[in-house]
Each structure stands twice: as structure tokens, then as C-alpha cells.
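Residue numbers (the working numbering), protein chains in the order written: chain Y, 271 to 519; chain G, 11 to 444. Built from N, CA and C at the ideal position, the CB exists for glycine as well. Since this is a predicted model, take the numbers as computed values, not measurements. This report refers to the structure that appears directly beneath it.
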């Protein structure tokens, strides 16, 4: 589904990713862990096509297409979803309008008509319950004045409504209490299917107690320095990252 | 002074009621003694008058079928009064006004009413006598006096529609509204300028005086939706007594020339004003808001927020003056003007102008010109929204924040729907959200 080969990327002229390779198959859940500054978030941004993030070498294919040749919105319509670590506040644009525009974009891609407003409102309200977000937030500006936790739930809400093929969660667990963490985990677990894959970018093992990964990778110095199964996450929890960074150096 | 208004002024003088004649004469003297501003006139530095035609005929008066002219008037609840080419159109107006509210047309005023009008008319404008207000005085045949009696709390808005019609030649319309909101009264007045045909050449001079007496609250809305070839040079002049409040919202869709001067004069202690507005010129439009917030006495507050989106080759001017007089201690005055240019050829000239002579005041101002926020665009696009749609959504969001300050719910919904259509979005959703 996703094949990253020897990816090099820089931000403002600084090389962050230095030869990252990763292969994700449908149905799999991958966890990418690593110390601060290792390039975890950069990976998500590069895949989503954020301006200012320049790919200097390597390739990424997603569902058989050259991902890097696509515009940000084309990637999303193809089924790539990045849950932002720091979702953007957009005052004046209602959350509901934003969500509907996003859902309609996906429908347009599939040759379907825009969803009618009433049906959509109903489904959005129901999904709010799933992510434990007050439906009143639908009328507010996008993420406007939302707490950190509410922003994360809003990301999850978007993912549930858009039903992407690949969900990349960029430190969605950071700053969440245990209840909110379980809400996120429930949402992701409910979406797991043989057709869909997830990449969980996280600093801590905690999230993986609730979402069981098939593969765990450690990112350090812009490359994956070790891969294993979920036991690797436990080992990292016990030993920290230093031993791996030392091994790389 | 060029005589491009000659015929209109002669007609006005011939048809104005006798008790107004000296007023017209004084206005005409001032007008004729002046010359038109040029680019060297500070107040007109960025707004030229080349769109004015060599001559304007007087507006024709007579029945007009609005539906035939493609004009659909919204209902905001409350009471609607329609004027076509400056003349009262009873067929489109509600006849019964609520208790405690009086509406007197200058042309129909009896002796007592005339005396009352004369005692207030020109009060708010004061001795400054700006040029185009002198012209308005000189052409004054049909004005409107709206009085809300002291203590009357009017829940529903009074919606005054100024329609400019069609005629073969370029024509001028003179409009005058005088509002007196009596002590401790509350009212909402919506002034709504609409036109019939986009290519119709016309020149409207609309002057509005708002007198807000002690402890009263007036919500004033002024919507300029005239069509592309319509020139409007207008003025809103408000005078606030002690503890009075003015909440004001302005909208200007573009046209070849729109110039509105807005003056809010805090004359009594504890007065408060909130003035917000949006302007959306595109094509070759030109919009100019000159605002001036006068603080003459202590303990008053004012806040002002104007936002503009300027597209294509349109130009806009925003000049926001705050004048805090020597005695106006403990004034709190805020001013913000933000602009979005959606084309490289669009232009905005924005200038905050502070004159502060008191030393114990809080005053803040800011003016920005920007493109759409890159990260917001990216966020929307990362959900599949196309780049062009994301731009539309963000542009709308930018002004929607200001529309949210409109207190009158039916008006707010109308504006959101109208602007949503203008921004080519999904009106069904906009409606379901409101």
C-alpha cells in the first residue's frame, strides 16, 4: 500500500530524513517511535505534502501511484490521512462546513454526488458521540478555541468521517489523558480492516497498550534503525532510546 | 464648482417644502463656494472622482415594479420602509409602525413636525460641513425622520430600503435619514441600498444622522449592495450622549466608486460604540471607508473592526482616525483593519490615524495586509479540499468573523447566505447551520 524507499527530506535547508525506507501493507498497523528530533513528525508532513518540506531523494508510492508527484488534496482523495500533531485553528470557517467539504471532496473523487446537508449533519453528530466530542463543536470555527484534547478528537472525527485507506497519526496521543487515549484507540481499532492500514507516530509506548501494532520501528537520525514486533516497544519503554542512538553513531 | 448637479439642485429648490428652503439655500451656497477635491486633498488622496459623470439628471419619481427590475427585498422581521429614487414607496412599505416609533417624511411634515426636524437636522454633522453633505443639504427635498421615543424598546428592526431605479440617462439621488433614539430607548435600524441594473449610471448621496440620547442603544446597519456602475458618496454621522451605545455594521460590495465617511462622536461620558464592517470590491471596483471616532469626554469606549477582501484589479481605501480630545481621560479605543488581497493587481491603502491629546487613555490600532494563511490552506487541502475551494472557504471565514458580530439574527443569516452565494459555496449547508 505504502512503499517508502531511501527517502531524504529537508526543512529550511536542514536535512531531517536521511534515507528512510518503510513498507506498509493493507491491514497492518505500524508504530514509529523515536526520540525527539529524530524526524518522526517530518515523515508525516512529507507524506501529506506540507509546504516547506522538500524531498531531496528517494521515492514514495501509495496504492501504486507516485505519491510525491501528487498535490496535497490529491493524496487525501486517494485515501491518505494525516492526523496533525498540532491541528490548525481556522476561525470563521465552521467545523461542519469544513467536514462536509472534505467528505464531498472524497465523494467527488469516487464519482458520487455531494452528500445532502441533513444526512451529513446526522452522521456528523453521531460520529461526535463516538469520539466523545460535544456536537456543539460542529458549529464552532475549525479547532477555534478547542483544548488540546478536543483538537485531537476533532482529528479523529475527521478520520472516521473520511474513512481513509491509510491513517497516519502524528503523536495523536501526546497530551491526552487516559480516557481520551482510549477514545482515540477505540476509534482507530473500530476502523481496522484488511483494506486499511495505520502508521502511529508516537514517543511513548502507552498508546500501543490500546492499539496493538504489527510492526514497531525506531527512527533515529532520520532513518529507521531498528524494526521488530510489539516487544520492541516494550524494550524501548524499559531501556529508553539512548542505546539505539549510540548504536547508530 | 462644476455644475453637474445644477438641474437636480434647481428641481430640489423648486419642490422642497417652504420650511426647508433656507436650509437648501445654505447648503447650496456652501457647495457652490467649494471646489471638488483632488488627489492633493488629504481626505481624497486615494479616491478619485473621475467616475462622476459630466452631468446628472434628477431621478424620476413614479411607480416602479421592483420584481420587474429583478429586485427582491428580504424580510428581516419588523418594519420595512422602501424608498425608490429617494421617494417613499408606500406599496412596498409597512404602514403601521409600532407604538412609540414615529416616521415623518420631510415632504409630509406638519408645522410641529417640521419644527422638530429643523431642531435636530444637521446637529450630528455639526459645523464641519463636509462638501458632499453640503450637496446633500442643497438637494434636500425628501428626507426621513425616524424617532424612537424615550424609553421605548423596539425589539424588531426598522428596515429602510433605498432603491435606485432605472432611467435612460445618468441620474442622481439624494437621501437623508435622521434618527433620534430617545433616552433609554433601544432600536435597530437597517439601511439597505440596492440598485436595479448593473450598467445604470447613477450618483447617490446618502447622509444619515444618528442621535443617540442618554442611556439609549442604537444598532445601525448600513448595507451597500448597489450595482457596478452606481456611484455612492455618503456619510454616517453619529452623536452619542452619556451612557449611550451605538453598535454599527457596514457592508460594501464594490462598485465603480463607493465612499462612506463615518463619524462617531462620543459627546457624553460613559458612551460606547462598536463599529464593524466589511468591504468586498472586485473587478474594477473602488471602495473607500473613512472613519473617525471622536472622544470628547472622559470614560468612553470604542472598538472598530473593518476587514476587506480585495480581488481582481479592485482598489480599496480604509482610513481609520481616532481623535481623543484633551479632556477625554480614561478613554479606551481599539481599532483593527485587516485586508486580504486575492490578486496581485488588487490594491489597498490602509491608514490608522491617531490623534491623542489626553494622557490617561488606552488606545490600540492595527492594520494588516495579507494573503491567505499557508498553513490553514494546507490543513484544508490535506483533507481533500481543492486549493481553489480552500481559498474560498478561508476568504469567507475571514469576513464571517465580522458578520458574527451582527446582533440582528435575521440580518446575520441573510448576510451569511448572501455572501455564501457570492463566495459560491453551499447555501443549503449555510442555511442548516444558522
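Spatially closest choice to residue i from the options, by CA coordinates
| i | options | result |
| --- | --- | --- |
| residue 418/Y | 429/Y, 403/Y, 409/Y | 403/Y |
| residue 314/Y | 469/Y, 406/Y, 493/Y, 475/Y | 469/Y |
| residue 332/G | 324/G, 315/G, 131/G, 325/G | 315/G |
| residue 165/G | 197/G, 269/G, 380/G | 197/G |
| residue 320/Y | 381/Y, 302/Y, 311/Y | 311/Y |
| residue 371/G | 205/G, 61/G, 336/G, 178/G | 336/G |
| residue 169/G | 146/G, 250/G, 232/G, 236/G | 232/G |
| residue 324/G | 430/G, 338/G, 355/G, 305/G | 355/G |
| residue 302/Y | 431/Y, 289/Y, 500/Y | 500/Y |
| residue 397/Y | 426/Y, 388/Y, 509/Y | 426/Y |
| residue 70/G | 78/G, 390/G, 177/G | 177/G |
| residue 286/Y | 278/Y, 482/Y, 327/Y | 278/Y |
| residue 223/G | 237/G, 251/G, 229/G | 251/G |
| residue 390/G | 307/Y, 288/Y, 339/Y, 354/Y | 354/Y |
| residue 267/G | 305/G, 242/G, 350/G, 322/G | 242/G |
| residue 155/G | 135/G, 128/G, 174/G | 128/G |
| residue 486/Y | 477/Y, 399/Y, 503/Y, 400/Y | 503/Y |
| residue 461/Y | 440/Y, 449/Y, 434/Y, 443/Y | 434/Y |
| residue 195/G | 239/G, 184/G, 254/G | 254/G |
| residue 272/G | 258/G, 150/G, 100/G, 415/G | 258/G |
| residue 481/Y | 273/Y, 298/Y, 272/Y | 298/Y |
| residue 182/G | 318/G, 22/G, 410/G, 329/G | 22/G |
| residue 295/G | 361/G, 262/G, 305/G | 262/G |
| residue 284/G | 96/G, 227/G, 32/G, 174/G | 227/G |
| residue 146/G | 157/G, 225/G, 132/G, 158/G | 132/G |
| residue 109/G | 124/G, 97/G, 89/G | 89/G |
| residue 473/Y | 448/Y, 511/Y, 495/Y | 511/Y |
| residue 95/G | 117/G, 204/G, 246/G | 204/G |
| residue 446/Y | 316/Y, 293/Y, 477/Y, 340/Y | 477/Y |
| residue 24/G | 350/G, 134/G, 143/G, 151/G | 151/G |
Under the three-state DSSP convention, the category residue i falls into
| i | result |
| --- | --- |
| residue 550/Y | Here chain Y comprises residues numbered 271 to 519, so residue 550/Y is not present and cannot be evaluated. |
| residue 387/G | helix |
| residue 136/G | helix |
| residue 122/G | helix |
| residue 116/G | helix |
| residue 353/Y | strand |
| residue 176/G | coil |
| residue 285/Y | strand |
| residue 249/G | strand |
| residue 502/Y | helix |
| residue 15/G | coil |
| residue 294/G | coil |
| residue 282/G | strand |
| residue 51/G | coil |
| residue 424/Y | helix |
| residue 315/Y | helix |
| residue 152/G | coil |
| residue 272/G | strand |
| residue 142/G | helix |
Beta-bridge partners of residue i, as assigned by DSSP
| i | result |
| --- | --- |
| residue 362/G | 330/G |
| residue 413/G | Note: residue 413/G sits in no beta bridge, so no partner. |
| residue 68/G | 182/G |
| residue 312/G | 283/G, 343/G |
| residue 418/Y | Paired residue(s): none; residue 418/Y is not in a bridge. |
| residue 335/Y | 332/Y |
| residue 437/Y | 351/Y, 468/Y |
| residue 202/G | 171/G, 233/G |
| residue 458/Y | Its beta-bridge partners do not exist; DSSP assigns none. |
| request: Report the residues of the segment 361 to 395 of chain G with a CB closer than 9 angstroms to any CB of chain Y, ordered along the chain. | output: Answer set for the segment 361 to 395 of chain G: 383, 384, 385, 386, 387, 388, 389, 390, 391, 392, 393, 394, 395.
| Name the residues in the segment 350 to 366 of chain Y whose C-beta lies less than 9 angstroms from a C-beta of chain G; which are they? | Using a CB distance below 9 angstroms, the part of the segment 350 to 366 of chain Y facing chain G consists of 350, 351, 352, 354, 357, 358, 359, 360, 361, 362, 363, 364, 366, ordered along the chain.
| field | Near-chain G residues of the segment 310 to 339 of chain Y - C-beta to any C-beta below 8 angstroms | value | If the cut-off is 8 angstroms between Cβ atoms, the segment 310 to 339 of chain Y has 318, 319, 320, 321 near chain G.
| Against chain G: residues of the segment 418 to 435 of chain Y by CB proximity under 9 angstroms | Hits within the stretch, in order: 428, 432.
| query | Which residues, in order along the segment 366 to 383 of chain Y, keep a beta-carbon less than 9 angstroms from a beta-carbon of chain G? | reply | If the cut-off is 9 angstroms between Cβ atoms, the segment 366 to 383 of chain Y has 366, 367, 368, 369, 370, 371, 372, 373, 374, 375, 376, 378, 379 near chain G.
| What residues in the segment 394 to 427 of chain G have a beta carbon less than 9 angstroms from any beta carbon of chain Y? | Residues of the segment 394 to 427 of chain G with a Cβ closer than 9 angstroms to any Cβ of chain Y, in chain order: 394, 395, 396, 397, 399, 400, 403, 404, 406, 407, 408, 409, 410, 411, 412, 413, 414.
| request: Ignoring anything shorter than 4 residues or poking outside the segment 216 to 268 of chain G, list the alpha helix (DSSP H) runs there in chain order. | output: Correct list: empty.
| said: So if I threshold CB-CB distances at 7 angstroms, which residues from the segment 456 to 470 of chain Y count as touching chain G? | reply: Listed by position along the chain: nothing, the set is empty.
| query | What are the residues of the segment 490 to 514 of chain Y that lie near chain G, defined by any Cβ-Cβ distance shorter than 7 angstroms? | reply | Within the segment 490 to 514 of chain Y, no residue qualifies.
| said: Please list, in chain order, the residues of the segment 383 to 400 of chain Y that have any C-beta partner in chain G closer than 9 angstroms. | reply: The residues in question are 384, 386, 387, 388, 390, 391.
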